[in-house]
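Asks: Please find one structure pasted underneath; my questions will follow.
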Amino acid sequence: MDNWLQSVLNAAQAMSLMEVAAVVYAMAYLLLAVRENVLCWLFAFLSTAIYTVLFWDVSLLMESALNVYYMAMAVYGWHQWTRGGAEDGGDSNALAIQTMSSRQHALVIAAIAILVFVSGYLLSEHSSAAWPYVDSFTTWASVITTYLVARKYLQNWLYWIVIDTVSIPLYIDRGLNLTALLFVAYVVIATIGYFKWREHFRMDTQVAAA
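Just so you know, we're using our numbering here: the sequence shown kicks off at 29 and counts up by one.
Encoded structure:
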């Protein structure tokens, strides 16, 4: 543990301004998302634009491609959170928190498993990607879970807890210690986010039933 903390301190001293900005913007995104503040998508766009470059430089090819997708989803998420409620036939433009059915969970898990197997195999055979199956898992699980965030599914936070936990050793191995530390914070914040959204969902449900 002491060696890991020292490596984090060394990384903090040597880190680029780009990584600092990406970490700050990413943290702002998550904290705003917990509060259901639509400005989270602006910070998501800025952070992922920077991480697209950073991950490419350390040969996390799938992670780099993922962040290109994130930029597009930041635009989609902004639209959904501000206009999605009306599109779903609600009384307000703002999109309300919703829950996933068991069937939806099963489809999500099956889709992730298939995509991870295929892309992990292809990367291991035809690229220089580091940790191809783990990289593929964090990538495809994040692709699908980001859509769940944009559509305000409560359970997105549970998926993020798993994804962020798996990502930590991946980033440590690639020397992105500050980003690994960020993902430790992500796990904590995602847990808080789940309980906050669940409380808000229950309150909305009680109001609708009254």
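Note that CB positions come from ideal geometry on N, CA and C, so glycine has one too.
This one's a predicted model, so the numbers in the text were calculated from it and none came from an experiment.
DSSP three-state label for Q183, please.
Replies: Three-state result, Q183: coil.
Asks: Pull up the DSSP beta-bridge partners for Q126, would you.
Replies: Y181
Asks: DSSP three-state call for S44: helix, strand or coil?
Replies: Note: S44 maps to coil in three-state DSSP.
Asks: With three or more C-beta pairs closer than 8 angstroms as the rule, is the stretch 206-225 touching the stretch 173-190?
Replies: yes
Asks: Which residues in the same chain have their Cβ closer than 6 angstroms to the Cβ of I200, if we skip the five residues on either side of it in sequence?
Replies: A208
Asks: Taking the alpha-carbon of A169 as reference, which of A236, L186, E153 has the nearest alpha-carbon?
Replies: L186
Asks: I need the straight-line Cα distance from L176 to V52, nearest angstrom please.
Replies: The straight-line gap from Cα to Cα measures roughly 23 angstroms.
Asks: Could you tell me if D163 is buried or exposed, where buried requires 16 or more neighbouring beta carbons within 10 angstroms of its beta carbon?
Replies: buried
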